Structure formats: C-alpha cells, structure tokens
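**Q** I have a structure I would like to understand better, so I am pasting it below and will then ask my questions one at a time.
Below is the structure:
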C-alpha cells in the first residue's frame, strides 16, 4: 500500500499500523566493489540514501556489495535478467558480453572528464550508450568519474619504445591491448597480490587509478617512477537499470532514480578530484623522491598508432561501433580546441 | 491539503475535486537574467521542472526572470527579505551588500571549475559560504559554472604592461580592480551597448564570458585579438534560499530543493562546456583570422602582484575574509599540484 495513502488512512483513523518506512517501491541494487570500498562503493550507499530522501521514503533501495553477491563482474547479467533492478559498475567490464559496451567508460587518448560529460549529456553519447544497452533490456546513466588516471608505477624509467619490449605490466582492458601492440606484455593479477608482484619483480609496472586510490595500495613505497596518463583520461562508472522495471514505474520515480544517479556520479567525480589532491600531497610529503615522468614523444606516438589500429578494426566490426568511434572523435576535436584556449592555456600561462 | 492525502481521499471516494496540480509547497524564485536567457536563465527553468518531477508535483516553483521583477541585482535582497523564497544569481554581484560574498563565484588566478567544485563540496568552501550568508538569513548551494572565462576581446595586441596604461576596458568586479592596479581603466557599459562601444573605439577591450555566450554578442567580428583567461577561471552561479522558509520545510523537501539545485548546476556546467566547444568551432570556421593570444609573462606577473595586494587588503578587512582567502589558497596549492600531473600533463604530453 502506498505510504501516502497509508498516511491519509491514518489521518482518517482507519488504520495507523506501521506506516513509517513502508516504501511504495522496493528495489535491489548490486555493485562491483567490496562493501565500503572508498569512493566507488561509498558513492552507491550515498545513492540509496539520496533516493530515499528525495522520494520522502516512497522508494527504498537495498544495496548489495560483491561481498554479498560474489560476482564483481556479474552486474550486467544481474540487471539484464532482472535478478537486480539496478547495478553500478564500469561499462568496459562487459566487452565480453557485448563488445560495443567498451566505449562508454573512457578511451586512450580520449576526452577528459568534463569533455566526456559534455559528450554524454549534450553530444549524443548517452543516447548511443542507451542504444547499445537497449538490446539487453538495460537503461544506463553516468555514475561518477575517477578524473585523470595516471599512466602507472614503473620500476625503471621508460626512455624509448625499446624499453617497453617484453615489459610485464598489469594493465587490463583496451589500454592493455594498446600496450601489447607496442611490444609490452600486459598481465592481470588480483588486486591483493599486486604490491608483492611489483616488489618481487614478477611484474615491471602496473597502473591502478590515480592518487585518490593509489595511496592506500602503497605502490609509491616500492616504485620510483610515476608516469602521467594516456590510457584512461576520464574513467566513468555507470548505473544500469532493468528497462522493463523502469518502464513500469511512474514518471516521478524514474526521475528520482535517474537524476539521483547523475548527481551521485557528479559528487563522486568531485570527491575523486579532492582525494587525488590530498593524497598526492601526502605521497609527495612522505616520499619526496618519487619521480613523475611523461612518456617520451616516440612512446606516445607508438601508443597512439597502436590505439588507432585497434579502433580501425573496431570500426569494421559493427556499424554502431563505427558510429560511436566517429562520434567520439568528432566531438573530441571541437572539445579539445576549446580546452586548448580555455583550461589548458590558463594552466600553462599563469604558471603555478 | 496535501496532494497525497487528497489522492487517498479520492480513492476512498470522499472527494475527487481538483486533485491534480495542487502542490503542497508553493515557492517563488527570482533570477538575474532576461527571460529565456541561454544557459544561465534556461537552467533555472530546468530547475523548476526538475523539482516538480522529483517531488511528484508536491513542490511547485514559480520562476520570475528580471523582465518581471525588474531588478537583476536585487536577488540577494529579495531572498533575504522573503519576498522570494529562492534566488539564482552570482554571489559576487553582492559585494556592496556584504563584501564577504565576493569570494564565492571565482577569483583571479584561482581554481578551475573542477578544482573549485572540490573546494566547495569537499574542502569546506560551501560551509564558509553558508557562514557568510547565514548572517543574512540565506542558505546557498552551487548553481552552475561557465567553465573558463576568456581574458577578453582586444582591438590591439598587448605586448607589455605599458600597453595596458590608460586602456579602456569593460571588466567589472574584482578583475576590474586588478586591472586598475596595473594602469588600465575599467569601465562598465550595459550589455546592449558593448558592441557599438568596441566598434567605435569608446572602449579598447572587453571581457564577456567565453565562446558559449560570446558568439551571439558578435565581438569576434570587430576585435582581432582574443586573450586567454586569468581573471575568472570558474565562474559559479549560486542558488539562494530564504533560510527561515527552508527551515520550515520537511527534510525530503529540503533535500529535493538543494539536490536539484546542485544537479541543475552541474548540468549547466556541462552545457557551458558543450556550447563553448561548438561555438568556438563556429567562430574559427567563420573567422579563421581571429588571433588567440596569451598575455605575456610580465603582464601576468603585474596582474598577479595587483591581485595579491588586493587580497592582502581584504585579509585585513575581516576575520572571515582572511579565513576564506587562506582556505582557497591552501586548497588551490594541493589541487593544482594534482592537476599539474593529471589533466595538465595529459593535455600537454599527448599533443592534440
């Protein structure tokens, strides 16, 4: 029974039993992270709370972390099947389910966070994502950005493409494929074993996120070189909604669920920016000898060529992949021209 | 009578008259812009609609543009007095009412949009703003960012500080004071007369916003030099709420009003980024000879010294001004160190 109907009945003294906390709409949400995982996971707890507040208790969301559902990369299937109504994860984890989901998280040499938000919300990006996900009965909304991801922690300096030959690096996903194309050997190792693998030389390098989440992993204690970013300039998480469920809801509830996802995502982006600032200050004060390096020009050129070759193959694979890649490329061209005379010119010209 | 109570009575067949559109909470909002003004004004219309949707019609907001209330810079007084419940404007317009409101829009040589959002929402900035505004019975929330504002349109090239001596420039607010400190002559001219003033040489230069709103003003047709930004790196609009009114509302309604303001603001920021991208593409395709220039180093140094002197005087003026300026300076130091190895390194190192 609707909470507000119950309230009214209560006022009319017909029935006053247990009217508090009885939501009209009860939903289940699964996310990819351990319970309480900083930023990515706590953001979802904030989402559930925001939805309850905005709806005056009419919508309740039960959040299951991966500690509960045991399937970090099962979110796509959970929501597709309706086992969960809502999911939060990263789109590019599901390339094995549908290769066209790859493009909606971040791309090497791609857009920065604000550029990509403009593509999603004003440049047709979200419509393309929903076109891909509609085939699976899923509706999506942006869910929070890490901001720039760093190129990673390296045991030795990279001075040329030669230094990448045979280099064992933890770098998953599309970035890993690009690295493979220039002679490196991408590997995947569970998060809990990464520190030891780097310390013992089982791997030569790894990328994780950026200072926001790298600090707690402790890589700065054992790797002297921290390379600037190229492969994930704006990693955006995603909320997934079971479309059949969403279509059954009244307009106000859909609005609450989608707008709260978008706002929680924005809040997560802002938190990522903040945590990276304060964590980078901590790293540099405790380990002042960390060497920040840009990859040299010939390495960037080789990585870009490898990336372009992979994207060209993707364009051949499906019509929609071609349309997405071309949409991103043409959007980026205009967006970057503006960034160049806007933020980039400001940062470079006013000095520190 | 509450809409949902009415609905329940209707279900009980006691009364079914006019239950649609009867909001429980009716609020009045005033903003600073002409009716339908792009981005700044349309964002407020989006806000009212979002609040109505999120609240399932329980909150209705009547929006008055300045065409109606006739007082572009009266928003602070409207909300303080309770004549309007909500306002949307820019904080720095109200330095004449309370000089401590100056700091909550953007500052010369200050934070970029994402850096400033982190300061507002994670670094104590919004708490400081609310401390200032509480004295006036007003509660505030971020309301949307223009992203980087350009340094302005100039009739002639600026090669040194000498070229600024006696230069007549439309540049209001704190940026104007900084310009005055290096020998320029800031003037204020109504928006509708700016084009003619620049064309006829009544003024030598002007700043407006950036490509997002500059295009429609047409300045690129008459000024050959477009200077990159320094004085307003992240102009944030603000929602004002009458605190007494807000405190009288239930928690869910407060949550809807504040979160919708924050989200509408984020949407406006994303739209500003988008409009600047596409408008800059239009300007450069139609007027390929526009010269984009950075101010030379000695000009930047002089402007920074002028800015620092003004801030030092502000710090002497009041304890809270001192606390705000120091909070912004220390936050910026960490935020910029992260931006330097994050977005800035990426943009500079990957090339276009």
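Chains as they are written, first to last, in the numbering used here: chain A, 40 to 391; chain B, 40 to 391.
Yeah, the Cβ is synthetic: ideal placement off N, Cα and C, and Gly gets one too.
Please read these numbers as outputs of a predicted model, since none were measured by experiment.
#1: In chain A, what lies closer than 8 Å to residue 82 (chain B) by C-beta?
#2: If you run the structure through DSSP and keep just helix, strand and coil, what is residue 327 (chain B)?
#3: Counting only beta-carbon separations shorter than 9 Å, does residue 333 (chain A) have a partner in chain B?
#4: How big is the Cα-Cα spacing for residue 131 (chain B) and residue 378 (chain A)?
#5: Residues in its own chain within less than 6 Å of residue 87 (chain A) by CB, not counting five upstream and five downstream?
#6: Decide yes or no for the touch test of the segment 179–189 of chain B against the segment 331–348 of chain A: beta carbon pairs closer than 8 Å, at least 3 of them.
#7: To which residues of the same chain is residue 179 (chain A) closer than 8 Å at the C-beta, ignoring the five residues directly before and after it?
#8: Ordered along the chain, which non-local residues of its own chain (more than five positions away) have a Cβ less than 6 Å from that of residue 136 (chain B)?
#9: Using only alpha-carbon positions, find the residue among B:248, B:243 and B:265 that is nearest to residue 204 (chain B).
#10: Can you give me the start and stop residues for the alpha helix (DSSP H) that residue 81 (chain A) sits inside?
#11: Using the three-state DSSP reduction, which class does residue 246 (chain A) fall into: helix, strand or coil?
#12: Between the C-alpha atoms of residue 109 (chain B) and residue 74 (chain B), what's the straight-line distance to the nearest angstrom?
#13: Find out if the Cβ-Cβ distance for the pair residue 370 (chain A), residue 157 (chain A) is shorter than 9 Å.
#14: Determine, for residue 393 (chain A), whether the minimum Cβ-Cβ distance to residues of chain B falls below 9 Å.
#15: Ordered along the chain, which non-local residues of its own chain (more than five positions away) have a Cβ less than 6 Å from that of residue 253 (chain A)?
#16: How would you list, in chain order, the residues of chain B whose beta-carbon sits under 9 Å from the beta-carbon of residue 250 (chain A)?
#17: Rounded to whole angstroms, what is the Cα-Cα separation between residue 63 (chain B) and residue 289 (chain B)?
#18: Which residue from A:355, A:343, A:83 and A:106 puts its Cα closest to that of residue 221 (chain A)?
#19: Nearest to residue 37 (chain A) by CA position, among A:187, A:287 and A:207, is which residue?
#20: Would you check if the distance between the CB atom of residue 123 (chain A) and the CB atom of residue 192 (chain A) is smaller than 9 Å?
#21: Here's a check: name, in chain order, each residue in its chain whose Cβ is nearer than 7 Å to the Cβ of residue 387 (chain B), leaving out the five neighbours to either side.
#22: By DSSP, does residue 97 (chain B) sit in helix, in strand, or in coil?
#23: Count the other C-beta atoms from every protein chain shown that fall within 10 angstroms of the C-beta of residue 55 (chain B), then say buried if there are 16 or more, exposed otherwise.
#24: Relative to chain A, which residues along the segment 89–105 of chain B have a C-beta separation below 7 Å, given in chain order?
#25: Mark residue 65 (chain B) as exposed unless 16 or more other C-beta atoms lie within 10 angstroms of its C-beta, in which case mark it buried.
#26: Any beta carbon of chain A sitting closer than 9 Å to that of residue 192 (chain B)?
#27: Mind checking which residues open and close the alpha helix (DSSP H) that includes residue 156 (chain B)?
#28: Roughly how many angstroms separate the alpha carbons of residue 228 (chain A) and residue 212 (chain A), rounded to a whole number?
#29: Which residues, taken in chain order from the segment 253–269 of chain A, show a beta carbon closer than 7 Å to some beta carbon of chain B?
#30: Helix or strand or just coil, what does DSSP make of residue 276 (chain B)?
#31: In three-state terms, what does DSSP make of residue 181 (chain B)?
#32: Straight-line CA distance for residue 320 (chain B) to residue 89 (chain A)?
#33: Under 9 Å, do residue 249 (chain B) and residue 275 (chain B) count as touching if we go by C-beta distance?
#34: What residues are listed by DSSP as bridge partners for residue 305 (chain B)?
#35: For residue 341 (chain B), I'd like the list of residues in its chain whose CB is within less than 6 Å of its CB, leaving aside the five on either flank, ordered along the chain.
#36: Between B:359, B:357, B:293 and B:323, which lies nearest to residue 97 (chain B) when the distance is taken from Cα to Cα?
**A** Concretely, from the data shown:
#1: Neighbours of residue 82 (chain B) on chain A: none; closest Cβ ~13 Å, over 8 Å.
#2: coil
#3: yes
#4: 25 Å
#5: 100 and 102
#6: no
#7: 130, 143, 165, 168, 169, 172, 277, 278, 279 and 280
#8: 115
#9: B:243
#10: 81–93
#11: coil
#12: 11 Å
#13: yes
#14: Since the first and last residues shown for chain A are 40 and 391, residue 393 (chain A) lies out of range.
#15: 247
#16: 377, 380 and 381
#17: 11 Å
#18: A:343
#19: Because chain A is modelled from 40 through 391, residue 37 (chain A) falls outside the range shown and cannot be assessed.
#20: no
#21: none
#22: coil
#23: Interpretation of residue 55 (chain B) is limited by its pLDDT of 41, a score under 50 that renders its predicted location unreliable; no figure is taken from the coordinates.
#24: 89, 92, 93 and 95
#25: exposed
#26: no
#27: 152–161
#28: 13 Å
#29: 267, 268 and 269
#30: strand
#31: strand
#32: 39 Å
#33: no
#34: Answer is none; residue 305 (chain B) lacks a bridge partner.
#35: 200 and 221
#36: B:293
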